[in-house]
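**Q** Heads up: take any position in the sequence shown, counting from 1, add 23, and you land on this note's numbering.
Glycine is no exception: its CB is placed at the ideal position from the N, C-alpha and C atoms.
First the structure, which I've put down as structure tokens, then a few questions once you've had a look.
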Amino acid sequence: AGRVELNGSQESLGFLFQDDALLPWRSARENVALGLRIRKASKDTALTEADTWLKRLGLEGFGGRFPHELSGGQRKRVAIAQVLVLKPKLLLMDEPFASLDAIVRTRLTQELLTWVEQEHLSVLLVTHDLEEALTVSDTVYLLSQGPRARIRKSYAVSIPRPRDVLATRQHPSFAPLLAQLWKDMFDEASPAQVEVMK
Numbered sequence: 024a025g026r027v028e029l030n031g032s033q034e035s036l037g038f039l040f041q042d043d044a045l046l047p048w049r050s051a052r053e054n055v056a057l058g059l060r061i062r063k064a065s066k067d068t069a070l071t072e073a074d075t076w077l078k079r080l081g082l083e084g085f086g087g088r089f090p091h092e093l094s095g096g097q098r099k100r101v102a103i104a105q106v107l108v109l110k111p112k113l114l115l116m117d118e119p120f121a122s123l124d125a126i127v128r129t130r131l132t133q134e135l136l137t138w139v140e141q142e143h144l145s146v147l148l149v150t151h152d153l154e155e156a157l158t159v160s161d162t163v164y165l166l167s168q169g170p171r172a173r174i175r176k177s178y179a180v181s182i183p184r185p186r187d188v189l190a191t192r193q194h195p196s197f198a199p200l201l202a203q204l205w206k207d208m209f210d211e212a213s214p215a216q217v218e219v220m221k
């Protein structure tokens, strides 16, 4: 069992999951504004903030579209706007880009890195993608097998910020650290899992 202590209220948390939490009967703009409305912001204020974030995420002019009218990458940008409009201090992410193709995933990872650095957010990212973990993180934690997983090892990622996704993967320390992570993951896996990973 573990414990996490947060210096602040639950309102300082933001959640970004693999599957977006967009309501299909609300437009992109209304989806982004929803959290602010729940927090008692006026309708005008909430919609103005939603428009600001949609523009920042490259979705100006898409606010009136419904989720089914957007591509996967556009829906993910709306989901990110939905979280960032609330100005969280800590962003919790569970494989947020796993369902996207490689090009869109790389582009959104770069954009998210930029937004996180601009907004001075702390992020806790859960991922099975070791390259993604090293690209975006300052510290990577390798967990033991569940169901009662524990931190098995930690790795400091000393690649300077701001980071460029593609340049980061060319950094001299990236490949050795990635190789060490893979080795330690193989060491942690059961014999049956190792066979599947080969």
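Taking Cβ positions, are V101 and L114 nearer each other than 8 Å?
**A** Along the sequence shown, read from residue 1 onward, the residue named residue 101 stands at position 78. Along the sequence shown, read from residue 1 onward, the residue named residue 114 stands at position 91. No, these two residues do not count as a Cβ contact at 8 Å.
**Q** So, is F120 buried or exposed, given that buried needs 16 or more other C-beta atoms within 10 angstroms?
**A** For the purposes of this step, residue 120 is identified with residue 97 of the sequence shown, where counting begins at 1. By the 10 Å Cβ count, F120 comes out buried.
**Q** Compare the C-beta of L57 with all C-beta atoms of chain C and state if any pair is closer than 8 Å.
**A** Annotation note: the requested chain C is absent from the structure, which comprises a single protein chain.
**Q** Measure the alpha-carbon distance for N54 versus L45 and round it to whole angstroms.
**A** On the sequence shown, position 31 is the one that residue 54 refers to. On the sequence shown, position 22 is the one that residue 45 refers to. Approximately 6 Å, taken between the alpha carbons.
**Q** Please classify A51 as buried or exposed, where buried requires at least 16 other C-beta atoms within 10 Å of its C-beta.
**A** Counting from 1 along the sequence shown, the entry for residue 51 is found at position 28. Per the 10 Å Cβ criterion, buried.
**Q** Let me know the secondary structure DSSP gives A56 once reduced to three states.
**A** Translated into positions along the sequence shown, residue 56 becomes position 33. A56: helix per DSSP, three-state reduction.
**Q** Applying the 10 Å Cβ sphere with the 16-neighbour rule, what's the burial state of P111?
**A** For the purposes of this step, residue 111 is taken as the residue at position 88 of the sequence shown. P111 should be labelled buried.
**Q** Using only the alpha-carbon positions, how far apart do G81 and D210 sit?
**A** The sequence position of residue 81 within the sequence shown is 58, counting from 1. The sequence position of residue 210 within the sequence shown is 187, counting from 1. Cα-Cα distance, rounded: 43 Å.
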